Amino acid sequence: MSVHTLHLAYPPELAIIIPTYQEAESVAEIAKWVAAALDGVAWELIFVDDDSPDGTAERVRALARRDPRIRVLQRIGRRGLASACIEGMLATSAPYLAVMDADLQHDAQLLPQMLHSLRHEGLDLVIGSRYLPGGDLGNWDRRRRRMSRLATRIAQIMLHAELTDPMSGFFMIRAEVLHRVVRRLSGLGFKILLDLFSAADAPLRFRELPYRFRARQQGESKLDNAVLWEFLLMLIQKLTGAWVPIRFIAFSLIGGIGVVVHLAVLWSILELFGLPAFAAGQATAALVAMTSNFFLNNLLTYRDLRLRGRALIRGWLSFVFACSIGALANVGIANYLFQETRSGWVLSALAGILVGAVWNYAVTAVYTWRR
Ligand code: GDD
Ligand code: MN
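With our numbering, the residue at position 5 of the sequence shown is 19, and numbering never jumps.
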């Protein structure tokens, strides 16, 4: 690298943040593409890698040895697209921040135009859109297209913003706007753009630019059906207002599933062994429900802090222990309210459930899925 390009690179005006998971085969190519597209701009390129087993981070370090404008932020024991983007965006001094995928699906050629818009049009945000005229979804199959369309519609209704592609993972934002809202971002899941829009205090001034979503060059998509679940959570959070933690909502929804599991198991046992088996049936049903709740929470609520291997056993034990105390508290409080204060049975039961749920949530958040 010549003195001339070094001079151009510092301090960077634009940071491009690329979240990666298992993208070892793509990083060199995307870096080359970005560099070519941004000729004449002082940029830096930050890969945020969640310790991919394929050695993505090491590949980036190899690139960085040859070009100091490239860096990697390697996170250990964490997963999550949105939080990776946020942490990458916070790791730079550049006044403009772009987020794009590593797999060459987002068109790097759009970056100069995005930068131009932010510099000269008084905007907060420029978004690459696959749904504007001139844009394109590429080679996605019908199922994925339909899912994307549906999610897009729901997101549009939620946001009250005229966004044609609210699910886009390709955008450029003014750093000061991010810094203003960053503490209100949920950082969960992968809908970083939705997160930004709902966290903003004043409507964001934005513009969309069309681009063609290209076919993935290497590897495969990491977005699975958990996408739908995250979506449901977002919807509920919108309806309940932001003061209920999103994890508590998830935890409670799964608690509801636990009730169904409990009743189903109890019913089967009573069918098999008759009413005398009630007490044993209750205990078995409770244990099965707690276990399924533990795994569901581990998979969905705490996706980013997911326990694996041996940690799973310790986590399960602490979960069952905490929830057993929660169940005792639940029943105790409901009985107390019902008998001593003569509250109606519905109110008594609901109060017991609420206290039990908050207890379970609070204790397992600290002891089961500790950071
Ligand atoms: N650090 C980190 N951690 N990166 C991740 C993770 C993660 O847990 N999961 C995915 N990534 C990275 C991928 O390596 C890739 O660079 C980028 O995030 C997007 O992931 P893909 O797996 O390629 O997603 P996609 O192509 O199916 O989805 C695209 O369309 C969605 C909208 O429908 C992406 O552009 C999404 O951002 C977009 O929301
Ligand atoms: Mn992709």
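For glycine and all other residues, C-beta sits at the position ideal for the given N, C-alpha and C.
Here the structure is a predicted model, which is why all the values come from computation and not from measurement.
- For the pair of segments examined, the region 58 to 67 was found not to touch the region 134 to 141: the number of CB pairs separated by less than 8 Å stays below three.
- Under the three-state reduction of DSSP output, residue 143 falls in the strand class.
- Within the same chain, Cβ atoms closer than 8 Å to the Cβ of residue 271 are found at 306, 307, 310, the five residues on either side in sequence being excluded.
- Here residue 34 is bridged, per DSSP, to 63.
- With a cutoff of 7 Å, residue 117 counts as near the ligand MN, since its C-beta is closer than that to a heavy atom of the ligand.
- Its Cα nearest to that of residue 83, the residue 26 stands out among 26, 251, 255, 314.
- The residues 366, in chain order, have a CB closer than 7 Å to that of residue 345 in the same chain once the five nearest residues on each side in sequence are set aside.
- Where residue 221 is concerned, the enclosing beta strand (DSSP E) starts and stops at 220 to 224.
- Here DSSP, grouped into helix, strand and coil, assigns residue 110 to strand.
- Between residue 338 and residue 381, the C-beta spacing is not below 8 Å.
- Not one heavy atom of the ligand MN sits closer than 7 Å to the Cβ of residue 107.
- Your pair residue 36 and residue 68 checks out as a contact, with CB atoms roughly 5 Å apart and the cut at 8 Å.
- Residue burial annotation: residue 347 is buried, with at least 16 other C-beta atoms found within 10 angstroms of its C-beta.
- Judged by DSSP secondary structure, residue 88 falls outside any alpha helix (DSSP H) and instead within the beta strand (DSSP E) spanning 84 to 88.
- Annotation for residue 136: 219 place their beta carbon closer than 8 Å to its own, counting only its chain and skipping 5 residues before and after.
- For residue 155, the closest C-alpha among the options 235, 194, 103, 174 is that of 235.
- With respect to the C-alpha of residue 24, the residue from 100, 101, 42, 106 having the closest C-alpha is 106.
- The beta carbon of residue 343 sits closer than 7 Å to the beta carbons of 369, 370, 373 from its chain, once the five residues preceding and following it are set aside; these are given in chain order.
- Straight across, the Cα-Cα distance linking residue 222 with residue 296 is about 56 Å.
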